[in-house]
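Just so it is clear: in the sequence shown, position 92 is 93 by my numbering, and no numbers are missing.
All C-beta atoms in this analysis are idealised placements derived from N, C-alpha and C, irrespective of residue type, glycine included.
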Amino acid sequence: MSTTTPGAAAADRLSLYRAIWRWHFFAGLLSIPFLVILAVTGSLYLFKSEINHTVFAYRTVVADPGTPPESASTLVANAEAAVPGATATSYASPATATDSVVVTVKGETGKTLVYLNPYDGAVLAVLDASAEPMQVIKKIHSLEYFGTFTNRLIEAAAGFCLMLVVTGIYLWWPRGQSGGVVSVRGTPRQRRWWRDVHAVTGAFAGIVMFFLAITGMPWSGVWGAKVGEYADSHGLGYPAQLWNEVPTSTIPTSAVTPGAGWAVENAPVPLSTPAAEAAPIGIDKALQAAKTAGMAPGFDLALPSDETGVYTASRYFGDLSRERTIHIDQYSGKPIVDIAFKDYGPVGRAIEFGINVHQGMEWGRLNQLAMLATCLALIASSVTAIVMWWKRRPEGKVGVPPYPADPKVYRFLWIVAIVFGLAFPISGLAVLAMLAVDFLVIRTVPPLRRAFS
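What follows is the structure, given as structure tokens:
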């Protein structure tokens, strides 16, 4: 027979509510700047193709004259001539008759993108590869643009987003009230209005926010790398057996094809086998070999960098059923390794599907708009959180939600944080640090306790 009184049970629930509210507050305070960066840059990257074909149409779109295009070797020669001293490293074939060709060349100053008209060979634009707008947006999205440390911060923020969704739904969950659950009360002058907009927006968009956060984690430097290693070593990522009978290098596929799919980015690049008296087939025959093998239009072709290198044809966008990588011997023109989406292991397929939805490429315009709406909801949740905090903040204090009456409730949070840390190491460490500072420092130092109340 339970000896817990209704009053004690209510006090326990209130303590847990306050602890989770306080946890939710600190997680939001620490991660909001990063989540806004993710939402803004993610919104732009969703429409990468549309932006490239409108804002940058002068270099990406050409007229179709109805005549055969120039050979790839001619276009590569023109690209190399446009950047004296540089050597071509890859060739992006056009997906449609009105797309330009993009040749990447490498010189003393790094990589340069050369956009060409495939029909007359004219150079449309020359651009430093690191300054390509969508590449810049992508690197800001991951904060890789600013170094490894900031990239780890964005990984922690993505984990905090998972926690914010779960704790936010707990705080939102109806407890006998109707207002602020699916409706917004009051006016923008009142804190209640901002609280309700924050709660209702988060409740309705929370599941998709959670999805965006978890499907973004495979790109992270720690969690993503460890999951990739586990998947590859257990045959759950790329099918390693395809490399059993071929000579391989120590170079990962991502090094020759920067846009390589997650499932194959760590797969080793195979080697060509030079034959006596054999000459390299050249880019024109390599392109034809890829097309003959069934590569869908719009694929990239990485060029061999030495006598044992291979041509790597790859396509990693849009329809997953057409995602594919083919490594071609530069002497025989025969495929050495040919791997498609259907060949991936279950983890590889699941993560590639999640990434495709994350980037708005799985279900056309509907997918883009759904992800855009979620990004806007994330921005709205962040803005409303800041406003409602500012409105409730006492003068001279931070305005943190009150401590739970029973500090023993922190035991539960410590357990949750440890489990979370085992699943997401960087985020878990950040959560444990946050809990430790709050419980062991702020709570026990009177001036800090007064300020953070």
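Just the Cα atoms here: how many angstroms apart are residue i and residue j?
{"i": "M218", "j": "A40", "result": "15 Å"}
{"i": "K139", "j": "A159", "result": "15 Å"}
{"i": "H359", "j": "S255", "result": "20 Å"}
{"i": "K398", "j": "D301", "result": "56 Å"}
{"i": "A291", "j": "S94", "result": "11 Å"}
{"i": "M2", "j": "A406", "result": "Residue placement at M2 is flagged as unreliable, the pLDDT there being 45, under the threshold of 50; the coordinate-derived value follows with that caveat. In a straight line, the C-alpha of M2 is about 26 Å away from that of A406."}
{"i": "L165", "j": "H54", "result": "37 Å"}
{"i": "R23", "j": "T168", "result": "10 Å"}
{"i": "G319", "j": "G429", "result": "33 Å"}
{"i": "A11", "j": "V417", "result": "22 Å"}
{"i": "I141", "j": "Y46", "result": "11 Å"}
{"i": "K409", "j": "V209", "result": "33 Å"}
{"i": "W224", "j": "A371", "result": "26 Å"}
{"i": "A130", "j": "V247", "result": "33 Å"}
{"i": "F211", "j": "L114", "result": "36 Å"}
{"i": "Y404", "j": "S454", "result": "8 Å"}
{"i": "I443", "j": "V401", "result": "11 Å"}
{"i": "A64", "j": "T293", "result": "26 Å"}
{"i": "K112", "j": "G365", "result": "32 Å"}
{"i": "L436", "j": "D233", "result": "35 Å"}
{"i": "Y59", "j": "L441", "result": "59 Å"}
{"i": "I427", "j": "A381", "result": "26 Å"}
{"i": "F421", "j": "G299", "result": "41 Å"}
{"i": "L163", "j": "A214", "result": "6 Å"}
Which of the three DSSP states, helix, strand or coil, is assigned to residue i?
{"i": "S143", "result": "coil"}
{"i": "D513", "result": "Absent from the model: residue 513. The displayed extent of the chain is 2 to 454, so no value can be given."}
{"i": "S72", "result": "coil"}
{"i": "P271", "result": "strand"}
{"i": "A290", "result": "helix"}
{"i": "L302", "result": "strand"}
{"i": "V311", "result": "strand"}
{"i": "M296", "result": "coil"}
{"i": "F453", "result": "coil"}
{"i": "F26", "result": "helix"}
{"i": "L237", "result": "coil"}
{"i": "I282", "result": "coil"}
{"i": "H54", "result": "coil"}
{"i": "R190", "result": "coil"}
{"i": "V201", "result": "helix"}
{"i": "I208", "result": "helix"}
{"i": "R19", "result": "helix"}
{"i": "S44", "result": "helix"}
{"i": "S32", "result": "helix"}
{"i": "G67", "result": "coil"}
{"i": "V348", "result": "helix"}
{"i": "G229", "result": "helix"}
{"i": "V77", "result": "helix"}
{"i": "Y332", "result": "coil"}
{"i": "T258", "result": "coil"}
{"i": "N245", "result": "coil"}
{"i": "E133", "result": "coil"}
{"i": "P175", "result": "coil"}
{"i": "W224", "result": "helix"}
{"i": "G355", "result": "helix"}
{"i": "W263", "result": "coil"}
{"i": "V37", "result": "helix"}
{"i": "V185", "result": "coil"}
Bridge partners of residue i, per DSSP?
{"i": "R316", "result": "R325"}
{"i": "D339", "result": "I327"}
{"i": "P253", "result": "P269"}
{"i": "V62", "result": "D100"}
For residue i, which residues from the same chain have a beta carbon less than 7 Å from its beta carbon, with the 5 sequence-adjacent residues on both sides left out?
{"i": "A73", "result": "Y92, I284, D285 and L288"}
{"i": "A434", "result": "none"}
{"i": "N79", "result": "L117, G122 and V124"}
{"i": "I356", "result": "T216, P219 and W263"}
{"i": "M389", "result": "R192, W195, R196 and H199"}
State yes or no: is the beta carbon of residue i nearer than 7 Å to at least one beta carbon in chain D?
{"i": "F413", "result": "Considering every chain present, this structure includes no chain D. It has just one protein chain."}
If I measure Cβ to Cβ from residue i and keep anything under 8 Å in the same chain, skipping five residues before and after, which residues do I get?
{"i": "E353", "result": "G262, W263, A264, L321, E324, F342 and Y345"}
{"i": "L17", "result": "P405, V410 and F413"}
{"i": "N368", "result": "V358, G361 and M362"}
If you drop the 5 nearest sequence neighbours on each side, which residues of the same chain put their C-beta closer than 6 Å to that of residue i?
{"i": "A378", "result": "T202 and A206"}
{"i": "G236", "result": "G346"}
{"i": "F425", "result": "G160 and W224"}
{"i": "V104", "result": "V77, A80, A89, Y92 and V115"}
{"i": "S44", "result": "L373 and C376"}
Q: Could I get the ranges of all uninterrupted alpha helix (DSSP H) runs contained in the stretch 80 to 131, with 4 residues as the minimum, in chain order?
A: Within the stretch 80 to 131, there are no complete alpha helix (DSSP H) runs of at least 4 residues.
Q | Whole alpha helix (DSSP H) elements within the stretch 358 to 414, 4-residue minimum | A | For the stretch 358 to 414, the full-length alpha helix (DSSP H) segments reaching 4 residues or more read 365 to 393 along the chain.
(Q) Just to confirm the assignment: which complete alpha helix (DSSP H) runs, minimum length 4, are found wholly within the stretch 417 to 450? (A) Counting only runs of 4 or more, we get 426 to 437.
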